[in-house]
Structure formats: C-alpha cells, structure tokens
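First to last, the sequence lines map onto chains H and B.
In terms of our numbering, the first sequence opens at residue 21 and continues consecutively.
In terms of our numbering, the second sequence opens at residue 37 and continues consecutively.
Glycine included, every Cβ here is placed at the ideal spot set by N, Cα and C.
Bear in mind the structure is a predicted one, so any value in this text is a computation, not a measurement.
First comes the structure, then the notes that go with it.
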Amino acid sequence: MSTETDEVTTVTVDHSPTRFSSIAAVVAAVVAGLTSAPFALYAIPLGLGGIAVLASGLFMGSNRLRVTMGAAGLFLSVLIAGLFGTGPEILLVSAAATVLAWNFGQNAISLGEQIGASSRTRRNEIIHASAATIVAMVGAGVGYGVYVIGSGGRPVAAVGMLALALVFMIWAIRA
Amino acid sequence: MDIDETIRTGLAVVGVVVFLLGAATYVVVEPFVGFLPSTFAIAVLAGIVAFLLGLWAVRSAYQGGVTQTPVPDVELPRSFPAPGTDLDRTIYRLTHLRQGTSEYRDQIQERLAEAAVAAIRQRENCTRAQAVHQLEEGEWTDNYHAAAFFAGGSPPSQSRLDKWFGEEKTPYEQWVDITVDAIAEYAGLEGGTEPEETTTGDDGGLLAGLFGGDGDGDEGPRAQAGYRDEYVDEDATRVTDSIVYNELVETGQWRGVTAFALVAVGVGVITATPAIVLVAVLGVAFSAYARAATPPQLAALEVDRTFDESNVTPGEVVEVTVTVENTGGSFMPDLRLVDRVPGNMRVVSGTPRLATVLGSGDTATFTYEVVAERGTHEWPLLAIGRDFSGAVEREAVVDVEGEITCVPSLRTTAEMPVRQQTSLYSGQEDTSMGGSGLEFFSVREYRESDPMNRIDWKRQARTGELATIDFRLERAASLVFLFDARDASYVAPAPGEHNAVDRSVEAAVEAFGALADQGNMIGLAAFDTVPCWLAPSAGDAHLERARQLFATHPAMSSTPPDESEASGHYVDPMTHVRSQLSPESQLVLFSPLTDDYTVGVARRLDSSGHRVTVISPDPTADRTVGQRLARIERNMRVATLRERDIRVVDWEYGDMLGLALDEARQRWAV
C-alpha cells in the first residue's frame, strides 16, 4: 500500500486487436490462400495480397476496412481457383477459411476497441471462434452432401429454377 | 423495419415456391420440363440477378459499416479543459466551420480589447477612457499588426510560400496570435510564447471531439472530455432493480456475407461452375447464423465488488475485485465487462475490463488497482452482451453495491499567514492591540480596574506614578474558507490533471490543520448550486465535520455539477454566505480566478469589512491563443485584486502550496 501518488503511473490503454483472434484470422487466411493456390496460378497473387492486407489491418494498427479488403482478395482468389477447376472439396475449405479469417479479424478489432488487448479476452475469443468454425463446417457439410447426391445430368430447367430459388432465399435472409 | 420484414417473408415464400418447382423438375422431370423454359436463359438470368444483388450488398455493407457500443477509457482520469478553450472554440468555429463571421469576430475583438485595456490601465495607471483611447490610437505597441487589430485594420497577408510550407493557420488566426502575443509582452508576461508543438495534439483532439469530428476512435485514446457521464440512454429500460438495458444494437458484423453468397452464385451460374455455386452455401449458412441471433439476456447477472480497504485517504491505492455471476439458466456466449471507474480516479495496475463467456452458474473475476480520490464513490458496471454470432449487442448498466469513502486527513504542512482581523476569543494571532499576552507592547497610564500584575512596579518605586504595561494581545482569528466551485473552476492546465476545485480543496486541507492548531476558528463555505456552510468553530468534532464536508459535499465534488441542475444560476454567495458571516470573520477565498465574477465577490467582501486572502491555483496553460489570453486575463485579475489590498497567493500548478505561501509571505512582509 503506497501513499505516494507520483510513484504510480496510470496504465496505458491498448486498443489494438486482441492477439488470439488476430493470429487465428491470419492462420485462417493462410489456409484460404494455400488451398486456393495449387490449381490456379492466377489466384496466388490475389491470395497472398489478401493475406498481407488482412494481416496489416490487424497487426499494423487496427483497421476494419483493410481486414475486409484482405478477405475480399482471398474470396476473389477462391473464385478464380474455382474457375480454373479446383475441386469442390478444396474450394469449400478455402471459402470457409476466408469467411472465418474475415470474422476472426472483425472480432479481434471489436474486442480490441471495447475491451483492449491488455485485458483477458481469451475465453471469449475461443468460444466465438469455435462457434463460427462449427457453423462453417455444418454449412459446408450439408452443402457438400446435397452437391454429391444431386449431381449428374439433370435438366437445365431444374438447375435454373434452383439457382433462382437460391437467390430469393439468400436475399430473404440477408444479414 | 416492418416493411423490411414483409419483403423478407415475401421473398422467402417466393423462394420456397421456386425451390419446390425446381426440386420437382429435378426429381420427376417429365410433366414440368414441358412447360418450363428449358434454355440456359433462366439460369443465366438468375446468375446475373445474383451478381448484381451481390454488388448491391457489397455497397450497402460498405456504407453500413460496423456499429458497436462505444466504451470510454475508464482507466484514465477525466480531462478538464484549460481556461481559454471557449475562445479557441470561437476561433475554430469562425475559421474552420465558417459560422457567424461578423458576430464571432466582434466577440473575439471585444475580448482581446478588454484584456488589452486592462493591461494598459495596469501599466500606465490611467483611467479606462484613457486606456481605450490609447488602444484605439494604437499607441500601446510597436507591433503594426497588433495595433491594427483594434484600429480596424486587416489581417497580415499570407505569402504563398507559407501556405506551401504547411502553415495551417489562416491569416485571421495568425493575426489574433500576434495580437495576443503583443498584449502578453506589453503586460510583462514571459515572452516565451512559442507553443510546445508536441502537446497541441491533446487540445486538437479535445476540440475535434467537441465538434463531433468523425469519432470512430481508430487512433489513440478517446478523449475523456466528451464521455458520457450519463451511462444510460434515453430509451433505456429497467429490467431489474439493479440492471438497466440500453437499446439493442445491430452490429452489422456479418453484413458482407450476403454479398459473398450472391457473388458466388452469380459467378458460378454464369460460368456454369457448380463448385463455385456450392461455395455460396457458406454465405447462406453464415447469413442464417447471423439472422438467428437472439437478443442477449443479461438480467441474470449478479455483480459483486469488493475493496481491500474501503476507508482511505486521497492518493492511496485501492485494490478492487469484481466478481460477476450468471445466476440465470441460459448461456451467455459473449460477455464484455467494463467497470465504470469514476471520472476522477485512475487505474494504476490491472485492467477493469474482461471479455468472457458465462455458462449458467459460472463466475468470472477481475482485479485492478485504482488511486483513490476525495469523495464517496459508488459506480456501475457496464456489461455488453452479444449472441454467438455477434450480430446483435446489448449494453446493460449494472448498479453495484459497495462504496469506497475517501476522506482527506487535515494536515498541518502549510502554515498560512492570517490577516489582522480577529475574533473576541484568545488565540495565537498577534494583534495591534495591547492587553494581556506575552510580548511587550506598550506602557500606558494606569486606569482603574487594571489588573495588579500588570502594573509597572519599578516605575512606581522610581517615580511614584502608577503605570500599566500592556502586552500584545493575542487573539484567535475567525476564518471562513470560501470555495469557488462553479463550472468555470473545473479547469486544468493539461488533460488528465486535477482540476482547480480539487487543487483548492487540497490547499485547504493542507492549511486547515495548521490554522486549527493555532487555535483559530475555521468555517467552510462554497458557492455553487448547492449551498454549503459550516460555521467557524474549533475542536475535534468540528475538524471531523470539516473532513467529511471536504469529502462528500456536492459543492466541492471533483466533478462539475450536472448541467440540468446548474441551469445557469448559482446560489449567490453574497446571500447565503454573507448573511451568516460574523463581522469579525476574515475570508480565505479559493479560486482559480478564471472569470471576473470571483474578483467581484472578493471586492464586495472586502468592502463590507472582511479581510480577504485569495489562494488561487493557476490553471492556465500557453499552448493555444485562447489559453494565452486566459493567462493574461487572469494576471490582470490578480493585479486588480492586489491593488485593492486583497492578498493573493498565486499558486503555480506544479508547486507545493508551502512554497507559494512562503513567497507570498515575503512579499507581504515588505
């Protein structure tokens, strides 16, 4: 117990993105970049650029826009990989990692702003990240299942109708 | 929101119908293929629509951005503006926002002119009219531009070079700058008017904060000056006795994911790549995840706060432990807790924040240390709850029981000279009267009823005359400490420093003990919205009452009164203090002297026969023009008071009070 006020200095408040989520985001981004790369060389620069921009948004200052831009770059690299014939399984992993990287990054920034990097946030981050990962896995699993069952030479009309239905549904539940 | 919901439901219904149609075609084929258009057209159309909607979604996500409850930096002490900020604000409005050009110009000119006139009167010892004449003629300074300021000139022209080399100030600002510097020089204040460039950022931030500049708070600590003292929004709802919900916030964190799905569908369909369409499934899954968000329930939170010591003196470090329990049956998947440390306290170790997850019956604890400051403190906890996905967020303000009382101890460190006005009670203050005492004062003729022990027997033996020796009468003074605790006194030279009211109370606490020890009677009073009066008295019980008053009286609190309470009018000290002031009381006025009101009060008290000593903590700074002008104005006020034979202790912010008093005593002794 000290009574000398001048001895004790006020703590500094660190509002940079929280560590765990930032690292998780970069790891997810690297996974997305790596999985989109092997079958499409054109995807590599976009993927690497995406990783770099996303990481800079988390580790060099705190910037939501850069995180989103990085994720968008990764997404484009996924699309390009798809166009060059990457298999649906790898593509799903890549896309899931992209969305997760984006979300982890957002969460890191949000926690950094509200709570700060010097406070305990680990438990919260782990639960958040796990929940998002489970959603990605379930979504990808269900989608893949339907894809496997439903593929084969089917009438174009049916595909068209289903695509249209998908658009309506997405717009109805848009976040 | 209603229309949006209807459209969403409509779209979902259409989607389901189209899906069923498609699925039926997929499975049964025969009857449908006949009447459905069997070209690629419809698929491509769907793709294009998806792609365009995707772009639209990107745009709206970009525009919508992410919103979340702002959290103040509770660790840092609250910042108070330096005197003169109002002038800076006026100049800022005038030059940057281009508001009320002529009106503000007049205001600024008038204020500068007042200061200049005061300075001229001070130096030339002339009447006001003469000073005004000098000012208008521009005889007072050699500086051409400064003289022209009051004589209807125009601002100095700015060369293009200056602009190129990053001279941010407009010519008018420079002109005001030059003029204020000239007045300062004329008034004999230190010429060092080069503002320290490094510290201007603080004030800039403060100013920008005042004008609601894009405060997304990306960089640096958020200015404490602007933070809400009211924790609760207007449309908050009270859910339990201790918990208030603020409005539900949609964070929009997932806004972009729809674009992700739509663009994937569009690209996949147009290029006939089923794998890319499949990717859209993830977008759909996350959209659904975000849509499924339920408002977080925080009513079951139970918060307990303990202190390692709850009765402390200012400056002591107190350890605070906060325990939060989820007593409800539901899981709290994302909980962000911020302890709302009172504005005048600062955290010195640990953090008053925690982000965690609380299952039913779980508890979480965090610990931090604060430096206690004067007053009785009880504060709420902010709990920000989110659902799993983080799509919705709710802030709850939880009132927590348990308070910390911080009462200053009355020290005897600073010996304050007392003026020659005393009460009828005996004490230790020397008077200029003879009577019974210790020190020899005079010898006078014997009067009947003079006590025998004071008769000068030696003289009687020598001459046969009776004479009486008078000793210097020692009496107790009756002092009233009067605090200027109006809004205008809540100022500090730099952000994060103690405000002038705090400094005043610190000074009073230091002087109180020594004065009381000498047998003086001391009373307390303050001018503020809340009348504050403690009649001069002595004794242990009185000292204790005074301590409590220092700690807890709202008029002397470390934070300014709420605007709603103040509403512009104060209890005039003249009415409530003077009516109770006994005629022999002298006054010690604690005031930063930031406006003329206090000067008026001191003069009125002086005129009505009370000796006045002003102890004035100097809250002025010199980083901006406004602050420099405020410093000049304050110096003029001090000079005016001294002319009236009112003692002023000009107390530098960083100095010890004892030093300032010693200096003052030397000056008074001359």
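Quick test of your reading: residue i and residue j, contact by CB under 8 angstroms. State the CB separation rounded to the nearest angstrom.
i, j, result
"residue 394 of chain B", "residue 371 of chain B", "6 angstroms"
"residue 390 of chain B", "residue 518 of chain B", "Going by Cβ atoms, the distance from residue 390 of chain B to residue 518 of chain B rounds to 45 angstroms, so no, they are not a contact pair."
"residue 467 of chain B", "residue 522 of chain B", "Not confirmed; about 35 angstroms, so no contact."
"residue 420 of chain B", "residue 335 of chain B", "At roughly 14 angstroms, the Cβ-Cβ gap does not stay under 8 angstroms, so residue 420 of chain B and residue 335 of chain B are not in contact."
"residue 176 of chain B", "residue 154 of chain B", "No, residue 176 of chain B and residue 154 of chain B are not in contact; Cβ-Cβ is about 12 angstroms, not under 8 angstroms."
"residue 130 of chain H", "residue 616 of chain B", "With 8 angstroms as the limit, residue 130 of chain H and residue 616 of chain B do not qualify as a contact, their Cβ atoms being about 56 angstroms apart."
"residue 384 of chain B", "residue 107 of chain B", "Contact doesn't hold; Cβ gap of about 20 angstroms is too wide."
"residue 323 of chain B", "residue 362 of chain B", "Contact flag wrong, Cβ pair sits at about 29 angstroms."
"residue 24 of chain B", "residue 665 of chain B", "Only positions 37 to 706 of chain B appear in this structure, which leaves residue 24 of chain B out of reach."
Looking at C-alpha atoms only, which residue of the options is the closest neighbour of residue i?
i, options, result
"residue 379 of chain B", "B/685, B/594, B/622", "B/594"
"residue 285 of chain B", "B/275, B/525, B/542, B/426", "B/426"
"residue 188 of chain H", "B/527, B/161, B/281, B/297", "B/297"
"residue 59 of chain H", "H/34, H/110, H/44, H/90", "H/110"
"residue 520 of chain B", "B/341, B/117, B/643, B/653", "B/653"
"residue 583 of chain B", "B/614, B/549, B/274, B/566", "B/549"
"residue 111 of chain B", "B/127, B/667, B/61, B/376", "B/376"
"residue 416 of chain B", "B/436, B/428, B/403", "B/436"
"residue 42 of chain H", "H/134, H/94, H/136, H/79", "H/79"
"residue 553 of chain B", "B/452, B/527, B/489, B/473", "B/452"
"residue 543 of chain B", "B/650, B/507, B/475", "B/650"
"residue 35 of chain H", "H/193, H/81, H/183, H/72", "H/81"
How many Å lie between residue i and residue j at the Cα?
i, j, result
"residue 225 of chain B", "residue 218 of chain B", "10 angstroms"
"residue 381 of chain B", "residue 407 of chain B", "6 angstroms"
"residue 94 of chain B", "residue 409 of chain B", "50 angstroms"
"residue 357 of chain B", "residue 350 of chain B", "19 angstroms"
"residue 228 of chain B", "residue 627 of chain B", "Summary for residue 228 of chain B: the model assigns pLDDT 48, below 50, so the residue's position carries little reliability; its value from the coordinates is reported in the next sentence. Computed Cα separation, rounded: 26 angstroms."
"residue 612 of chain B", "residue 693 of chain B", "29 angstroms"
"residue 575 of chain B", "residue 648 of chain B", "24 angstroms"
"residue 580 of chain B", "residue 529 of chain B", "32 angstroms"
"residue 730 of chain B", "residue 441 of chain B", "Lying outside 37 to 706, the shown extent of chain B, residue 730 of chain B is not represented and no answer is given."
"residue 315 of chain B", "residue 338 of chain B", "44 angstroms"
"residue 92 of chain B", "residue 169 of chain H", "33 angstroms"
"residue 56 of chain H", "residue 434 of chain B", "48 angstroms"
"residue 566 of chain B", "residue 589 of chain B", "9 angstroms"
"residue 637 of chain B", "residue 675 of chain B", "15 angstroms"
"residue 532 of chain B", "residue 84 of chain B", "57 angstroms"
"residue 708 of chain B", "residue 182 of chain B", "As displayed, chain B neither begins before 37 nor continues past 706, which places residue 708 of chain B out of reach and without an answer."
"residue 222 of chain B", "residue 156 of chain B", "8 angstroms"
"residue 22 of chain H", "residue 516 of chain B", "Here the model assigns residue 22 of chain H a pLDDT of 37, short of 50, so the residue's position is not dependable, and the following value carries that caveat. One C-alpha to the other measures close to 33 angstroms."
"residue 679 of chain B", "residue 672 of chain B", "11 angstroms"
"residue 355 of chain B", "residue 346 of chain B", "10 angstroms"
Would you identify the three-state DSSP class for residue i, choosing helix, strand or coil?
i, result
"residue 496 of chain B", "helix"
"residue 433 of chain B", "strand"
"residue 594 of chain B", "coil"
"residue 341 of chain B", "strand"
"residue 46 of chain B", "helix"
"residue 251 of chain B", "The predicted model places residue 251 of chain B with a pLDDT of 34, which falls under 50 and marks its position as unreliable; any figure quoted below should be read in that light. It is coil, neither helix nor strand."
"residue 552 of chain B", "helix"
"residue 144 of chain B", "helix"
"residue 537 of chain B", "helix"
"residue 293 of chain B", "helix"
"residue 333 of chain B", "coil"
"residue 656 of chain B", "coil"
"residue 426 of chain B", "coil"
"residue 183 of chain H", "helix"
"residue 142 of chain H", "helix"
If the cut is a Cβ gap below 9 angstroms, which residues of chain C does residue i touch?
i, result
"residue 424 of chain B", "Protein chains H and B are contained in the structure displayed, whereas chain C is not."
Please name the residues in the stretch 373 to 392 of chain B whose beta-carbon is closer than 9 angstroms to at least one beta-carbon of chain H, in chain order.
Of all residues in the stretch 373 to 392 of chain B, the ones placed with a Cβ closer than 9 angstroms to any Cβ belonging to chain H are 373, 374, 382, 383, 384, 385, 386, 387, 388, 389, 390, 391, 392, in chain order.
Please list, in chain order, the residues of the stretch 143 to 160 of chain H that have any C-beta partner in chain B closer than 9 angstroms.
143, 144, 145, 146, 147, 148, 151, 152, 155, 156, 158, 159, 160
Note down, in chain order, all residues in the stretch 311 to 323 of chain B with a beta-carbon under 9 angstroms from any beta-carbon belonging to chain H.
Close to chain H, meaning a Cβ-Cβ distance shorter than 9 angstroms, are the following residues of the stretch 311 to 323 of chain B: 311, 312, 313, 314, 315, 316, 317, 318, 319, 320, 321, 322, 323.
Members of the stretch 49 to 60 of chain H that neighbour chain B once the beta carbon cut-off is set at 9 angstroms
none
Would you list, in chain order, the members of the stretch 292 to 305 of chain B that have their beta-carbon closer than 8 angstroms to a beta-carbon of chain H?
292, 293, 294, 296, 297, 298, 299, 300, 301, 303, 304, 305
Cβ-based contacts, 9 angstroms cut-off: residues of the stretch 401 to 422 of chain B near chain H:
Within the stretch 401 to 422 of chain B, 402, 404, 405, 407, 420, 422 place their CB atoms closer than 9 angstroms to a CB of chain H, listed in sequence order.
Taking Cβ-Cβ distances below 9 angstroms as the criterion, which residues of the stretch 180 to 194 of chain H are in contact with chain B?
180, 181, 182, 183, 184, 185, 186, 187, 188, 189, 190, 191, 192, 193, 194
Near-chain H residues of the stretch 42 to 56 of chain B - C-beta to any C-beta below 7 angstroms
44, 47, 48, 50, 51, 54, 55
Name the residues in the stretch 59 to 88 of chain H whose C-beta lies less than 8 angstroms from a C-beta of chain B; which are they?
81, 82, 83, 84, 88
What residues in the stretch 356 to 372 of chain B bring their beta carbon closer than 9 angstroms to a beta carbon of chain H?
369, 370, 371, 372
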